[in-house]
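Student: Questions regarding the structure given below will be posed in turn.
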Amino acid sequence: MKIKALAFVGTPVTDMQRARSFYEGVLGLTVCEEMMSGRWIEYALGDNTLAIASVGPEWLPSGHGTGAALEVEDFDKAIEWLKHRKVHFSTEPHETPCCHMAIIKDRDGNNIVIHKLKPENEKEPCLMIKEVAFVAIAVSDPERARKFYQETLELKPTSTQMEGAWVEYDIGPTTIGVGCHPAWQPSRDGTTVAFEVDDIDATIEKLKSRGVTFDLPKTETPVCWMAQFRDPDGNKLVVHKRKQK
Numbered sequence: 003m004k005i006k007a008l009a010f011v012g013t014p015v016t017d018m019q020r021a022r023s024f025y026e027g028v029l030g031l032t033v034c035e036e037m038m039s040g041r042w043i044e045y046a047l048g049d050n051t052l053a054i055a056s057v058g059p060e061w062l063p064s065g066h067g068t069g070a071a072l073e074v075e076d077f078d079k080a081i082e083w084l085k086h087r088k089v090h091f092s093t094e095p096h097e098t099p100c101c102h103m104a105i106i107k108d109r110d111g112n113n114i115v116i117h118k119l120k121p122e123n124e125k126e127p128c129l130m131i132k133e134v135a136f137v138a139i140a141v142s143d144p145e146r147a148r149k150f151y152q153e154t155l156e157l158k159p160t161s162t163q164m165e166g167a168w169v170e171y172d173i174g175p176t177t178i179g180v181g182c183h184p185a186w187q188p189s190r191d192g193t194t195v196a197f198e199v200d201d202i203d204a205t206i207e208k209l210k211s212r213g214v215t216f217d218l219p220k221t222e223t224p225v226c227w228m229a230q231f232r233d234p235d236g237n238k239l240v241v242h243k244r245k246q247k
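My numbering puts the first residue of the sequence shown at 3, with every later residue one more than the last.
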């Protein structure tokens, strides 16, 4: 097994006919693949695939589940189109430094983001975050984790640090970091996302000025500088600056 990249964004539904009338009739998506006797439908969106599926009790809709973001050509016309069809907005249309967006719900309560990226000359700085630096997975036993990720999942390590306590795997454009560190404890509540920034000191100061506290202050490793903080729900986030090679 070779994991290369994200395959699709999947959204569970309970009534496929109702779901298709929404995704195709309201959102105007075109089917690119139909499987499982019509219980699995895929739509091609640029380089990505959105799948809706009605597969039974093992995968049911949730307002807390996957939220697909749909890029539109004309944001205002898209909002007008949806409101005309009496679509419920869980988050009203608004502007951010980088985009225009709104969140709607499909018939099963799944969140869908309507999104329009601003042209480069209209963008404002978005807290200097450039990209996802890595996604961190906390483990308690590095050797057991190594066997699972390298032997079971067949991932190839691209970097090993901290005497094997931190191992990175490149999967397409994304880096997965599997590590054992006192600041990170394994949890079934999700992994940790690290944001790459241009200037880590300026970013930390800006976050502190906005009331953010850090439970792992700026720390230097052989390959980067990093600091850990939390969102309002307690999810761990990292700001990260990779050293020049």
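Note that the Cβ used here is the ideal one computed from N, Cα and C, for glycine as well.
Return the residue from the list Pro224, Arg22 and Phe231 that minimises the CA-CA distance to Leu209.
Tutor: Selected option, being the one with the closest Cα: Phe231.
Student: Nearest to Gln19 by alpha carbon, out of Asp76, Leu29, Cys34 and Ser56?
Tutor: Of Asp76, Leu29, Cys34 and Ser56, the residue nearest in Cα terms is Ser56.
Student: If you draw a straight line from the C-alpha of His90 to the C-alpha of Gly166, how long is it?
Tutor: Distance between the alpha carbons of His90 and Gly166 is about 50 angstroms.
Student: Consult DSSP for His242 and reduce its assignment to one of helix, strand or coil.
Tutor: In the structure shown, His242 sits in a strand (DSSP, three-state: E or B).
Student: On the DSSP bridge list, what partners appear for Glu75?
Tutor: Glu75 is not bridged to any residue.
Student: Would you mind giving the Cβ-Cβ distance between Val225 and Thr176, rounded to the nearest angstrom? I have them listed as a contact below 8 angstroms.
Tutor: About 17 angstroms separates the two Cβ atoms, so there is no contact after all.
Student: Skipping 5 residues on each side, what residues in its chain have a beta carbon closer than 6 angstroms to that of Glu35?
Tutor: Within the same chain, Glu35 has close Cβ partners Glu44.
Student: Going by Cα to Cα distance, which pick from Lys245, Ile54, Asp110 and Thr98 is closest to His117?
Tutor: The option with the nearest alpha carbon to His117 is Thr98.
Student: Exposed or buried, what is Ala21 when buried is set at 16 or more other beta-carbons lying within 10 Å of its beta-carbon?
Tutor: That one is buried.
Student: Which same chain residues end up closer than 7 angstroms to Lys79 when comparing Cβ atoms and leaving out the 5 residues on each side of it in sequence?
Tutor: None.
Student: What are the boundary residues of the alpha helix (DSSP H) that includes Arg22?
Tutor: Counting along the chain, the alpha helix (DSSP H) containing Arg22 begins and ends at Met18 to Arg22.
Student: Which partner residues of Asn50 appear in the DSSP bridge assignment?
Tutor: Answer is Leu47.
Student: Can you have a look at Met228 and say buried or exposed, based on whether 16 or more other CB atoms are within 10 angstroms of its CB?
Tutor: With 16 or more Cβ atoms within 10 Å of its Cβ, Met228 is classed as buried.
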